[in-house]
Amino acid sequence: MAVIKIIDVSKVFSDARRKTSTTALANIDLTVDRNEFLCLLGPSGCGKSTVLNMIAGFDRPTTGTVSVGGGIVTAPGSDRGMVFQQPTLMPWLPVWENVAFYLNLRGGDSAERRRVAQRYIDMVGLGGFENHFPSELSGGMNQRVGIARALLMNPEVILMDEPFGALDEQTKMDMQEELVKIWQKNRGTIVFVTHSIDESLMLGTHVAVMSARPGRIRELIEIDLPRPRDPTSRQFNDYKRHLLSLLRPEPVAATS
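Written out as structure tokens, the structure is:
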């Protein structure tokens, strides 16, 4: 069953000061089914984050429609959780209050908020750090807090914008493994933006490869690899070669 539908979406950014416009996306069609882990893969500036922001409701398409759960997206909503490139935590709040921030907005008993938050803190492997502040944690641990906060909202869709891009390689691999375990346990729908071929193959059930600006979907590929995934396997590297070929610049048609 489709959870996300993007139909004939284009996006043009206008610069009134310079009296110019830039076409960021052109004729995007994409469907994401329930429980899929879709990776949006493409070069910098191809519009990956713009697609994510339109699903989140932070931006609107110039033409076309974006829908989640059967409803047209017009604004952010609790059915979509967002994990940004940076954790965007409240530095004055300890881990458990950052995780429970959504519940705090709704009011209610502090003890109950903490009880609910603890489930998600344990889920992302941060038990014992409930009372630590963001400045006392590593970058990877802060991203875990952001993921726990998104999960607590119990959204239909979790959107992730290169959340591991700033992490060192070992921490990144650990976080990728942890995220897959969380996704397998919750069976939610994830859309994950990345510019790394290896990351998309380690994580995704599907990879949507985007062209350079104006961004289009060059190919949507189902990744049929067993988990945990072995980046040294022949099948993994077959997929990798194909994705590399798709990311190469498209040939320019000859003119007579």
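Residue numbers for the sequence shown follow the UniProt record's numbering, beginning at 1 and rising by one. C-beta: ideal position from N, C-alpha, C; glycine also.
Between the stretch 55 to 75 and the stretch 6 to 22, the count of C-beta pairs closer than 8 Å reaches three or more; the two stretches touch. Distance from residue 43 to residue 166 at the Cβ level is roughly 19 Å; contact not present, criterion being Cβ atoms closer than 8 Å.
Contact holds between the stretch 32 to 47 and the stretch 186 to 200, because three or more Cβ pairs, one in each stretch, are under 8 Å apart. In this structure, the CA atom of residue 116 is about 12 Å from the CA atom of residue 108. By the CB criterion at 8 Å, residue 178 and residue 124 fall inside the cutoff. For residue 146, there is no enclosing beta strand (DSSP E); the residue is part of the alpha helix (DSSP H) that begins and ends at 139 to 152. Taking C-alpha positions only, residue 69 is separated from residue 207 by approximately 21 Å.
Using a Cβ distance threshold of 8 Å, residue 85 and residue 134 do not count as a contacting pair.
Burial check for residue 185: the Cβ neighbour count within 10 Å stays below 16, so the residue is exposed. Linking residue 239 to residue 217 through their CA atoms gives a straight-line distance of about 17 Å. Between the alpha carbons of residue 237 and residue 247 lies a gap of roughly 15 Å.
Pairing residue 1 with residue 136, the inter-Cα distance amounts to about 42 Å. Taking the CA atoms as reference points, residue 151 sits about 15 Å from residue 175.
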